[in-house]
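Student: Starting off with a structure, shown below.
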Amino acid sequence: MRKLKFAILGCGFWSQFQLGAWTEIEGAECVALYNRTKQKAEELAKRFGVPRVYDDAEELLKNEKLDFIDIVTDVDTHEKFTLLGAKYGLDVICQKPMAPDYEAGKRMIKSTRDAGVRFYVHENYRWQPQFRRIKKILDSGVIGNAFRCETGFITAFPLFETQPFLTALEHFALTDQGSHQFDVLRYLFGEAKTIYCEKQRINPTIKGEDVTTSVLKMQNGVVCIQKISFSSRMEQEVFPQTLLLIEGEKGSIRLDAEFEISITTLSGTTKEVVPMRVYPWQTDRLKPEPPGIVDINQNILDDMLGKGKAENTGDDNFKTVQLVWAAYESAEHGKIINMNEF
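Take any residue in the sequence shown, note its place counting from 1, add 35, and you have its number in the numbering used here.
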């Protein structure tokens, strides 16, 4: 079977995990890396055995025979590199958040569609094993129809030490983490009807918001309360885990620390711990994300090869992008946003 050849654009902190995940999958081969600081590309290439490196992205695309590119650069450059990939007729995978603003996201969708190339957004949270398991439990009907959900990403982890560029973002918590959280809610419950959001900046050393509280009413009637904080010191630090409670007509599902799921019905409570696959390229801070990265990469590759249907297309992820920017609109004006009118 022919392997699809690809290049990774961007060799910052996250690229090691993205490239590591590709090494777990048959059917794709990374043949080149781009980074504006070439030394970083050379270091990553040496670690993973990638044959060629560039500090000019267009030169890479001119020289290499590729099937797709995987963009792992800062969000401000996502549009530029997506349009570049489309120009060369390549399928494009882009890290989340898709775009630095709403209009850029629309342009990225249009440019890839006009070029006739496939466009995917690497939103891995919905692929994490604990959320796939919770979806199966929900779909089994064991707790009946869900009516309320609360999710929390609550941490004081020193994230800015490894990703200092985040301190300069005018929009932070909702674009960085809200995109994950809203996408998980869409995966579990479908599309949102309305959203209301409050945002706060607690850490004085950063530019954007670091605490948000959002209320989403889904089209199926489920009310979701979604909380994000990068400034909350808790008894147990669980970064980067999301905790969750779903209430249904016949029972509840609770996701606690270390991926313990409790299912409570009239018959009592059962507990299970969702196992996490471990890979040699991951770090101590990452537990749920590596298997999510591998599984989304496999899903996207299957779509490219005609073996399956990708969940995380640009068109689908744009619905998550809409929620993020509707949340900002709500927070700025203190009003509920109707998603049909946004």
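Positions of the beta carbon are idealized from the N, C-alpha and C atoms, including for glycine.
Thinking C-beta only, is Cys232 closer than 8 angstroms to Ser365?
Tutor: Cβ atoms of Ser365 and Cys232: closer than 8 angstroms.
Student: Taking its Cβ as the centre, do 16 or more other Cβ atoms sit within 10 Å of Pro199, making it buried, or is it exposed?
Tutor: Burial call: exposed.
Student: In angstroms with no decimal places, state the Cα-to-Cα distance between Phe192 and Arg37.
Tutor: Distance between the alpha carbons of Phe192 and Arg37 is about 43 angstroms.
Student: Quick check: the region 203-222 against the region 339-355, are there 3 or more CB pairs under 8 angstroms?
Tutor: The region 203-222, when compared against the region 339-355, does touch it at the 8 angstroms Cβ threshold.
Student: Along the chain, where does the beta strand (DSSP E) containing Ser297 start, and where does it finish?
Tutor: Counting along the chain, the beta strand (DSSP E) containing Ser297 begins and ends at 295-300.
Student: Cα-Cα, which of Pro323, Asn375, Thr305 is closest to Val177?
Tutor: Of the listed residues, the one whose Cα sits closest to Val177 is Thr305.
Student: When the distance is taken between beta carbons, is Asn373 closer than 8 angstroms to Glu284?
Tutor: In this structure, Asn373 does not lie closer than 8 angstroms to Glu284 by Cβ.
Student: So if DSSP puts Gly303 in a beta bridge, which residue, or which two residues, is it bridged to?
Tutor: For Gly303, which the question treats as bridged, DSSP gives the partners Thr300.
Student: Evaluate contact between the region 269-281 and the region 290-308, counting only Cβ atoms and requiring at least three cross-stretch pairs below 8 angstroms.
Tutor: As far as the Cβ criterion goes, the region 269-281 touches the region 290-308, which means the pair count is three or higher.
Student: Whose C-beta lies closer than 6 angstroms to the C-beta of Leu118 among residues of the same chain, with five residues either side of it excluded?
Tutor: For Leu118, where only same-chain residues beyond five positions count, the Cβ hits under 6 angstroms are Ser146.
Student: Going by alpha carbons, who is nearest to Ala76 out of Phe265, Thr190, Tyr89?
Tutor: With distances taken between Cα atoms, Ala76 lies closest to Tyr89.
Student: Taking the straight line between their C-alpha atoms, what separation do you get for Phe154 and Glu185?
Tutor: So the two alpha carbons sit approximately 31 angstroms from each other.
Student: If you drop the 5 nearest sequence neighbours on each side, which residues of the same chain put their C-beta closer than 7 angstroms to that of Asn255?
Tutor: Taken in chain order, the residues that qualify are Phe224, Gly225.
Student: Looking at Phe103 and Leu44, is the spacing between their C-beta atoms short of 8 angstroms?
Tutor: Not a contact, by the Cβ cut-off of 8 angstroms.
Student: Anyone know if the C-beta pair for Val2 and Gln165 falls short of 8 angstroms?
Tutor: Here the chain has residues from 36 to 377 only, and residue 2 is not among them.
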